[in-house]
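Protein chains in written order, with our numbering: chain A, 116 to 1038; chain B, 64 to 148.
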């Protein structure tokens, strides 16, 4: 089995255009019609089985100057993911570079809405410059609605370069009549495909020799109604049987009746061995000589000596007997569909049910031994042996998980009846893996408990024990029990035999480190991860990327922005080289999150936008968070419309995931944006729309946590009761974050708490808490949580700096705050150049009255004099002064004047109109 | 009124009695593959004639399956109707 750009295994045989049979009748009118119509959007070749649809198309493609791709569909393609990967695989045979967008979508945990896929596929197709023909053969096999919807989307605005050919036994559920009205479709139907009398004559002559008379041709044409399959059967029956012609002439009734007569004649013409081969192989959708041999059971010994699979196939090829080659090497074949149906009917009449089941069982074993899991499952189920199908999955699941093909595993598992799944520990464990990958950890525990109860009676092998311990560890981890989870994960890594089950190895190593961190052993965890990364070969992409993700995880939880950013970059690169979607998208997320926390808005916007573009293939929680992050980033950048647009996208995404938590995240993000806009009413309104959140969620490193945003809004709206409640809630969240070693959220919580204390007038307490938050934020360079709280936080930080605490870092923090907005009055007074003022010290704008007071202060007037000049009371002057001190962060009048000059609020002394140098004799 | 109401009282996923008439012969051997319907051939001389398939069909899915099988058998359909009880 080969692998293409997606993670779905591709059978190349499905993309092989069947060769034109040597005895085919050249049909110039039809071919010309097809060739002339390629500028149209599509061709529909619609007729029952056996009318030579595929042969005609194949003959056309062989002669056409236009490059073409071919795809034979079957029942398995009734899965949008599978259909798309084959569709892209076929197009890639023409244009290998196609599929920049769509293939990555195929690896998404849940496929995005069909219109989204349609747009992406249309984009990919529109990029192809060269004209080409794409044939979808046997399209009638497709009954999955989403595939029809997808093609409908594509045909709405057909790509200029692609001419789509649909070969089908029934008209597809597509707007054919519209296309017909627009003259955009060419149709070839039963009547067109039917052989004319002269064509029948040519066909019979080429197969049976020149002695065929016109009358015979006419008779055969009449009896078969120009149905080429009938003609072919007639040829096979007539070879060596002179009486066929006369018997045929006596037959009345429908063509089908003629067919049954003919097939029985054909079979009667074969040797016993060949007849058995024919009947046995009729259960197969495709076969090779080795598979044909494998179908012979112990009872078929008598036929063994006479013939083997290869002789059988060579004989069929020589007879042109409905055999269709599926590859150039003549390795795989299939029967013509109708011939297979006819054979199968004969087989069911001749073989007992148990014999047929035994055939399927043997086919299943053969397919399994060659790694064709899907077909092995098909035949096991056709044999009525669901247990055997279960065993096939049990044998193949490591390979599937090790190559990140958990979707395939999920698909296989879905075919096993639930009652069997429930009693097979390995199947249950497979289900646990799928739950882990699709982020539904809640459902894992009962499954693991069931596995344990089932295994009570059986001796446990090391690898299995390791796997169970791994899942036990996960359950403990999500309960917040670091110690037990470390113990379980350690056992899991020790018990797993070397070199086996890479998926388990990499997951167990990763989770062990994450659990060590939870257990307060950060250094050990990081060391272990680095060691692990060093000891891995670069080709071990899966293992490596899990380790690097482990580093990202720990750095982010610790608010270590720069290392998180760097590991995020490495993760993304590993992901794109090894085509590991989880790594690539998480890498983007980590880069975005870290940039935002460092308040590098341009970088944050870039990385967040990238993950938003890839939202349908990313982990949904990360995608929602990235959208919240992007929305805030844009608000900070002064692009409120873009911020709203991102929120709208997030809402749409939440509706797609249907996850209640995501709706809350979107609502609370709206509240936060409202706060940034100073719109307290809207913020409170959004807050009220939150659903009841249960307890303290696991917040990890996510930017938007509704529980925290609730406190944020309470603090901003600031009644004393509200503030008290916020502090109480923050204390609870703080406990929780501490237990999770979640420094990243602890910082956020403490910064909010400091602001709440300040608003309650408890300055000392506020400064104490803020001091701790600053100490936590400084090593990792976290800025955003401070910046988000605006000017009051800047003032509080300045007070802290005055106490000589983290002066340099606080200066860096303050640099992130916006410069004071310039009122007209203020700008008038900005005599000195802006650049001369340290931009780090930015202040809340002063009111006009305050500016007046400040100006008079610079003239060294007393409060009483100022009051007189401004016609206000000295009390009011004092209030103004207090406000000014707070705003520009000073303690007395001389500092106020000096600082106002530095900040450019007042002109420098020498520029002042009232400046009188001391040396001036006039003074 | 009562009659027509009963006639239209058919739902997408519920069993119903149907009668299907096709041109040409279908023999009894096919009953198993045609939803277990009763198969009756009326000869117009030799193999020419019409076949009537009748009986209960599980749901619309099975009905479409039967019609598709008739199509695969290459027989033109003359009539499909909900059988009056």
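All C-beta atoms in this analysis are idealised placements derived from N, C-alpha and C, irrespective of residue type, glycine included.
Contact with chain A by residue i, beta-carbon distance below 8 Å
i                      : result
residue 110 of chain B : yes
residue 103 of chain B : no
residue 125 of chain B : no
residue 88 of chain B  : yes
residue 134 of chain B : yes
Residue i burial status per 10 Å Cβ neighbour count (16 or more: buried)
i                      : result
residue 344 of chain A : buried
residue 101 of chain B : exposed
residue 867 of chain A : buried
residue 534 of chain A : exposed
residue 140 of chain B : exposed
residue 878 of chain A : exposed
residue 842 of chain A : buried
residue 990 of chain A : exposed
residue 789 of chain A : buried
residue 238 of chain A : exposed
residue 549 of chain A : buried
residue 649 of chain A : exposed
residue 538 of chain A : exposed
residue 770 of chain A : exposed
residue 142 of chain B : exposed
residue 963 of chain A : exposed
residue 704 of chain A : buried
Distance between beta carbons of residue j and residue i, contact taken as under 8 Å
i                      : j                      : result
residue 583 of chain A : residue 567 of chain A : 7 Å
residue 830 of chain A : residue 848 of chain A : Not confirmed; about 13 Å, so no contact.
residue 559 of chain A : residue 601 of chain A : With 8 Å as the limit, residue 559 of chain A and residue 601 of chain A do not qualify as a contact, their Cβ atoms being about 18 Å apart.
residue 394 of chain A : residue 466 of chain A : 7 Å
residue 477 of chain A : residue 409 of chain A : 6 Å
residue 801 of chain A : residue 827 of chain A : Actually they do not touch by this definition, with Cβ atoms about 11 Å apart.
residue 138 of chain B : residue 85 of chain B  : 4 Å
residue 407 of chain A : residue 428 of chain A : 7 Å
residue 727 of chain A : residue 713 of chain A : With a Cβ gap of about 20 Å, residue 727 of chain A and residue 713 of chain A do not count as contacting.
Interface flag, residue i vs chain B, CB-CB below 8 Å
i                      : result
residue 755 of chain A : no
residue 372 of chain A : yes
residue 478 of chain A : no
residue 164 of chain A : yes
Beta-ladder partner(s) of residue i, from DSSP
i                      : result
residue 717 of chain A : For residue 717 of chain A, which the question treats as bridged, DSSP gives no partner whatsoever.
residue 429 of chain A : BP columns for residue 429 of chain A are empty, so no partner.
residue 991 of chain A : Answer is none; residue 991 of chain A lacks a bridge partner.
residue 248 of chain A : A:183 and A:278
residue 160 of chain A : A:282 and A:303
residue 440 of chain A : A:448
residue 84 of chain B  : B:115 and B:142
residue 105 of chain B : B:113
residue 402 of chain A : A:448
residue 120 of chain B : B:79
Is the number of C-beta pairs between the stretch 153-167 of chain A and the stretch 286-304 of chain A that are closer than 8 Å three or more? yes
Check whether the stretch 222-234 of chain A and the stretch 526-545 of chain A are in contact - that is, three or more C-beta pairs closer than 8 Å. no
Under 8 Å, with one C-beta from each stretch per pair, do the stretch 491-502 of chain A and the stretch 439-446 of chain A reach the 3-pair mark? no
Say whether the stretch 177-184 of chain A touches the stretch 246-262 of chain A, bearing in mind that this needs 3 or more beta-carbon pairs closer than 8 Å, one atom from each stretch. yes
Looking at C-beta atoms only, is the number of pairs between the stretch 647-663 of chain A and the stretch 677-695 of chain A that lie closer than 8 Å three or more? yes
Contact between the stretch 759-768 of chain A and the stretch 733-751 of chain A (3+ Cβ pairs under 8 Å): yes
Mind the definition here: the stretch 707-719 of chain A touches the stretch 671-684 of chain A only if three or more C-beta pairs lie below 8 Å; say whether that holds. yes
Determine contact between the stretch 258-269 of chain A and the stretch 191-201 of chain A, defined as no fewer than three beta-carbon pairs at a distance below 8 Å. yes
Take every Cβ of the stretch 163-175 of chain A, pair it with every Cβ of the stretch 337-352 of chain A, and state whether three or more of those distances are shorter than 8 Å. yes
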